[in-house]
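If you count by the UniProt record's numbering, then the sequence shown holds residues 1 to 522, one letter each, in order. Have a look at the structure below, then the notes.
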Amino acid sequence: MRFESNKDEDASPGVETMLVFSDHVRSFVNPVWTSSGRSVAQRDSLTANGLGTGSQMERQSDSSQKQVQGLIRSFPPAVVLNHHPCENFSLSPPPIDRKRTGPRPCPVCYLPVEQALAMRPAQPSTSPVLQSLNYMSKENLVSKDSNGGSLFGGYPSLEERDKSYDIKDLMIVHCGFVRGTIPGLNTGFDIDEADRSEMQQCQRTVVASAIFGNYDILQQPENISESSKDTVCFFMFLDEETEAALKNSTTIDHTKRIGLWRVVVVRNLPYSDARRNGKVPKLLLHRLFPNVRYSIWIDGKLKLVRDPYQVLERFLWRKNVSFAISRHYRRFDVFEEAEANKAGGKYDNASIDYQIEFYKREGLTHYSSAKLPITSDVPEGCVIIREHIPITNLFTCLWFNEVDRFTSRDQLSFSTVRDKIRSRVNWTADMFLDCERRDFVVQSYHRELLEQRQATLRSRPPLWPPMVQIQPRKMLPDNAAKEPGKASSAKKLPGKRTRDKKSSSKRSHRTKVIGGKEAIQL
Numbered sequence: 001m002r003f004e005s006n007k008d009e010d011a012s013p014g015v016e017t018m019l020v021f022s023d024h025v026r027s028f029v030n031p032v033w034t035s036s037g038r039s040v041a042q043r044d045s046l047t048a049n050g051l052g053t054g055s056q057m058e059r060q061s062d063s064s065q066k067q068v069q070g071l072i073r074s075f076p077p078a079v080v081l082n083h084h085p086c087e088n089f090s091l092s093p094p095p096i097d098r099k100r101t102g103p104r105p106c107p108v109c110y111l112p113v114e115q116a117l118a119m120r121p122a123q124p125s126t127s128p129v130l131q132s133l134n135y136m137s138k139e140n141l142v143s144k145d146s147n148g149g150s151l152f153g154g155y156p157s158l159e160e161r162d163k164s165y166d167i168k169d170l171m172i173v174h175c176g177f178v179r180g181t182i183p184g185l186n187t188g189f190d191i192d193e194a195d196r197s198e199m200q201q202c203q204r205t206v207v208a209s210a211i212f213g214n215y216d217i218l219q220q221p222e223n224i225s226e227s228s229k230d231t232v233c234f235f236m237f238l239d240e241e242t243e244a245a246l247k248n249s250t251t252i253d254h255t256k257r258i259g260l261w262r263v264v265v266v267r268n269l270p271y272s273d274a275r276r277n278g279k280v281p282k283l284l285l286h287r288l289f290p291n292v293r294y295s296i297w298i299d300g301k302l303k304l305v306r307d308p309y310q311v312l313e314r315f316l317w318r319k320n321v322s323f324a325i326s327r328h329y330r331r332f333d334v335f336e337e338a339e340a341n342k343a344g345g346k347y348d349n350a351s352i353d354y355q356i357e358f359y360k361r362e363g364l365t366h367y368s369s370a371k372l373p374i375t376s377d378v379p380e381g382c383v384i385i386r387e388h389i390p391i392t393n394l395f396t397c398l399w400f401n402e403v404d405r406f407t408s409r410d411q412l413s414f415s416t417v418r419d420k421i422r423s424r425v426n427w428t429a430d431m432f433l434d435c436e437r438r439d440f441v442v443q444s445y446h447r448e449l450l451e452q453r454q455a456t457l458r459s460r461p462p463l464w465p466p467m468v469q470i471q472p473r474k475m476l477p478d479n480a481a482k483e484p485g486k487a488s489s490a491k492k493l494p495g496k497r498t499r500d501k502k503s504s505s506k507r508s509h510r511t512k513v514i515g516g517k518e519a520i521q522l
């Protein structure tokens with residue numbers, strides 16, 4: 001047994017730090033808040049934010065240098081403001097729409113992209129207690145029948161699980177990929193060398209998603225700025241089944257791109273369940289992208305419709321947090337979530353019951369106001385926004401270990417991992433409103449459900465009776481003189497309509513809402 005060294009070491013905080021917005025005196029320079037209240041020159045602020053330092057520029061190619069220099073020149077002149085533009089923005093509920101009764105987006109205040117980018121903190125956030133995180137690697141590990149994990153996860157024992165919550169400055173934990181020292185190289189979830197190389201070259205920010213089992217329809221991000229196109233990596237992980245299906249309808253060019261997405265085909269998948277395979281990139285992005293500082297994960301069914309820098313500024317930098325996820329729009333209690341999963345057939349009931357009973361023995365309780373300021377125990381886990389620092393990397397490692405050990409329904413294990421870490425160090429995951437999430441991602445149906453709905457619509461008999469075509473009256477022009485004694489040249493319509501014909505009028509069709517759907521009564 002050996003462990004793998006990693007770069008998850010917390011950098012010492014610099015002079016310039018990100019302030020929480022309860023501070024009264026702030027300086028806004030294009031816009032950069034400073035703890036001293038002084039203005040920071042525009043070019044200096046960009047350098048502090050990692051866009052022009054000498055050490056970084058030496059590592060970049062000439063083309064990359066030109067892109068960054070062009071980005072610096074593209075910023076508008078510095079503007080000094082005393083208050084954040086969104087400071088007085090008040091969250092309002094979604095507008096009333098009688099046709100849409102389900103969850104909907106609510107208004108969100110974003111900064112312009114250039115200003116949002118300049119808000120990026122100069123230094124990484126502080127990781128409480130934990131300063132260096134390393135990952136377990138085991139040689140000659142063989143598959144075995146176990147209820148406690150998988151070959152990919154390394155079968156951590158319950159004793160090792162408990163030890164992983166004993167947070168120290170230096171830690172070694174299970175975090176997938178245990179059969180090697182390089183994630184994706186003969187570890188399961190295998191990735192070609194050319195793809196791994198490009199993933200290692202990705203720095204600063206990555207937007208990532210995945211489609212396995214041809215389960216979703218690939219969605220292209222929209223409203224992405226030129227700044228983000230130049231400096232943000234967009235990676236889409238696929239299995240061979242999804243790749244084959246895409247090639248029938250989409251062209252993947254020689255750079256392995258489909259629109260903004262850089263496609264990575266994964267082989268030797270660790271699980272037979274496509275949804276569980278999706279948890280690998282979802283929760284272990286820090287292992288796949290070791291040089292990235294920020295990541296935005298979106299499920300394959302989602303389309304990103306806001307610029308990544310606007311999302312990062314709104315949900316991380318403005319609130320001075322390192323991990324953000326939306327809470328479920330309806331459920332706050334893990335026990336209720338478990339019952340909803342069983343009712344929806346999301347996983348076999350016995351496995352869900354076993355997981356919940358295990359957590360109950362560890363002290364899991366129903367959510368109540370006693371947990372405030374924690375606002376929910378159930379996330380809407382299709383989007384994760386985070387900074388890659390040791391404590392957030394530990395959180396997603398341990399969250400993945402729960403998904404590996406128990407069911408793949410990550411909503412059930414989220415609060416257990418969060419609360420265990422929170423009880424030991426001053427850190428927690430920030431949870432924002434689900435209606436805010438719906439403002440920056442648009443949700444589509446899974447492919448199978450979409451095809452079922454389309455097939456149902458095609459096979460459904462017409463809802464309306466055959467229309468009786470009636471010859472319309474010929475209308476006189478508005479400016480024509482109307483002679484009261486002159487008969488119209490238009491043909492007369494039939495006499496009084498019968499009751500049978502009248503039944504096709506609008507008055508006799510009433511709409512009744514049943515279960516959130518409109519049913520037509522004839």
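Built from N, CA and C at the ideal position, the CB exists for glycine as well. Predicted, not measured: the structure shown is a model, and the values here were computed from it.
Proximal residues to residue i (C-beta, below 7 Å), its chain only, five neighbours per side dropped
i, result
"P105", "P94, C435, R438 and D439"
"G259", "Q220"
"D62", "Here D62 scores only 46 on pLDDT, less than 50, and its place in the model is too uncertain to base an answer on."
"K319", "D430"
"D307", "V113, N223, I224, S225 and S228"
Beta-carbon proximity of residue i to residue j, cut-off 8 Å
i, j, result
"P128", "W427", "yes"
"L288", "I385", "no"
"Q411", "V378", "yes"
"F237", "P281", "yes"
"A208", "L285", "yes"
"R424", "I167", "yes"
"Q443", "T407", "no"
"S225", "V113", "yes"
"S150", "P390", "no"
"Y165", "I421", "yes"
"R120", "W317", "yes"
"C233", "V206", "yes"
"F152", "M199", "no"
"I252", "V441", "no"
Closest Cα partner of residue i within the set the options
i, options, result
"P290", "H388, S423 and D299", "H388"
"D162", "D169, L151 and H174", "H174"
"V108", "K168, E159, R196 and F315", "F315"
"V334", "K144, D419 and L218", "D419"
"Y135", "H84, K229 and L398", "L398"
"S326", "F432, P103, R422 and T126", "F432"
"G102", "H366, Y329, I374 and E87", "Y329"
"L372", "S197, G188 and F332", "F332"
"Y110", "Q310, D190, R262 and I352", "Q310"
"S137", "V206, M199 and I172", "I172"
"N393", "A338, F323, G278 and F89", "F323"
"R204", "D195, N186 and T231", "T231"
"H254", "A194, G278 and W297", "A194"
"D169", "T187, K144, G154 and L130", "L130"
"G148", "G344, S368, S351 and L91", "S351"
Bridge partner(s) assigned by DSSP for residue i
i, result
"Q443", "L302"
"D430", "A324"
"Y294", "T205 and E387"
"M236", "S209 and V263"
"D190", "R267"
"R257", "R262"
"P379", "R327"
Any C-beta of chain C under 8 Å from that of residue i
i, result
"S125", "Among the chains of the structure shown, chain C does not appear; only one protein chain is present."
Spatial neighbours of residue i in its chain, beta-carbon cut-off 8 Å, leaving aside the 5 residues before and after
i, result
"E160", "H174"
"N349", "K342"
"T250", "L218 and I258"
Own chain residues within Cβ distance below 6 Å of residue i, not counting five before or after
i, result
"F414", "P379"
"H83", "none"
"S376", "R327, F332 and M431"
"R275", "S408"
"L158", "none"
Distance cut-off 7 Å: residue i Cβ against heavy atoms of the ligand COA
i, result
"F189", "Among the components modelled here there is no ligand, and therefore nothing to report on the ligand COA."
Does the pairing of the region 246–258 with the region 168–185 give three or more beta-carbon distances under 8 Å? no
Does the region 198–218 come within contact of the region 226–243, defined as at least 3 CB pairs closer than 8 Å? yes
Does the region 261–268 come close enough to the region 397–405 that 3 or more CB-CB pairs lie under 8 Å? no
Between the region 351–364 and the region 291–298, do three or more beta carbon pairs fall short of 8 Å? no
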